[in-house]
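Participant:
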Amino acid sequence: MSNTTSRFLDGPASEVAPQLLGCIIERTLPTGTILRGRIVETEAYDQTDTASHSYKGKTPRTEIMFGPAGHLYVYFTYGMHYCCNVVTGPSGYGAAVLIRAVEPLQGQEDMALRRSRHGRELTNGPAKFCQAFAIDTSLNGHDLQTPPLKLIVPLERRGEIVQTTRIGISTAKDVPWRFYYRDNPYVSKTNS
DNA sequence: TGCCTGATGTTCT
DNA sequence: GAACATCAGGCAC
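Using the working numbering, the first residue of the first sequence is number 1, and each one after it goes up by one.
Spelled out as structure tokens, the structure:
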């Protein structure tokens, strides 16, 4: 990945989130297996936002969010799930984009082994995606320009983007910072 | 189809 | 000690 492709990650999370749609996540497992997926759903969070982990300032847990853009922020939640974010914005500003869902492109069989599920159930949710791609806190702070987890920006991105309020949170529910591809079966769910 | 709840541990108050 | 950017299974309708 070149500097040119990563530059857009320096922008505000709410502007980066829709631009991440259509980007490719490439995961190299310790076994050498390559997994690839296309991002189809994201949510933006930043330090002005009460629903964001960075809202209350930098802590040992959230310091990655305040670091340079293009790194991975992985956190553990609900006692059993991981979620992964792409850090955005300038260093010192706590912002990131949650990857909520991807469309599997390569390595579906390997994902199914970890998920014990098939089809859209492989990756249609933030914790599901992390499980399918074997992402945990050992990758917290990882630079997405290098293996074993790379973000690839394609020349062309297809799909109609829908912008709505976020889901799965208890505060700031009215902030319209969720973005997804309309009618894509791998999106976690549509707003009701 | 849709609501309810248990699982389970890290972080912060 | 409570909250939590979740998921899956069970049960009622």
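Note that beta-carbon positions come from the ideal geometry of N, C-alpha and C, so glycine has one too. Just so it is clear, the structure is predicted and the values come from calculations on it, not from any experiment.
Buried or exposed, going by whether 16 or more other CB atoms sit within 10 Å of the CB of residue 80?
Facilitator: Exposed, because fewer than 16 other Cβ atoms sit within 10 Å of the Cβ of residue 80.
Participant: Spatial neighbours of residue 26 within its chain, please: C-beta separation below 7 Å, excluding the five flanking residues on both sides.
Facilitator: Here the set comprises 34, 36, 150 and 152.
Participant: DSSP on residue 58, reduced to helix/strand/coil?
Facilitator: In this structure, residue 58 counts as coil in the three-state DSSP scheme.
Participant: Is it right to say residue 42 is buried, meaning 16 or more other beta carbons lie within 10 angstroms of its own, or is it exposed?
Facilitator: Buried, because 16 or more other Cβ atoms sit within 10 Å of the Cβ of residue 42.
Participant: Taking the beta carbon of residue 104 as the centre, do at least 16 other beta carbons fall within 10 Å, making it buried, or is it exposed?
Facilitator: Classification of residue 104: buried, given that the 10 Å Cβ count is 16 or more.
Participant: Got a sec, what are the start and stop residues for the alpha helix (DSSP H) residue 130 sits in?
Facilitator: Per DSSP, residue 130 belongs to the alpha helix (DSSP H) from 126-132.
Participant: Residue 37 by DSSP, collapsed to three states: which one?
Facilitator: It is a strand residue.
Participant: Does the region 125-137 come close enough to the region 47-61 to have 3 or more Cβ pairs within less than 8 Å?
Facilitator: No, the region 125-137 is not in contact with the region 47-61.
Participant: Please state whether the Cβ-Cβ distance between residue 87 and residue 39 is less than 7 Å.
Facilitator: Not in contact: residue 87 and residue 39 (Cβ atoms no closer than 7 Å).
Participant: Buried or exposed for residue 182, please, with buried defined as at least 16 other CB atoms from any protein chain shown within 10 angstroms of its CB.
Facilitator: Exposed.
Participant: Which value, in whole angstroms, describes the spacing of the CA atoms of residue 120 and residue 54?
Facilitator: Near 31 Å, if we compare the C-alpha coordinates of residue 54 and residue 120.
Participant: Starting from residue 15 and walking both ways along the alpha helix (DSSP H), at which residues does that stretch end?
Facilitator: Per DSSP, residue 15 belongs to the alpha helix (DSSP H) from 13-20.
Participant: Which of the three DSSP states is assigned to residue 178 in this structure?
Facilitator: If DSSP states are grouped into helix, strand and coil, residue 178 belongs with the strands.
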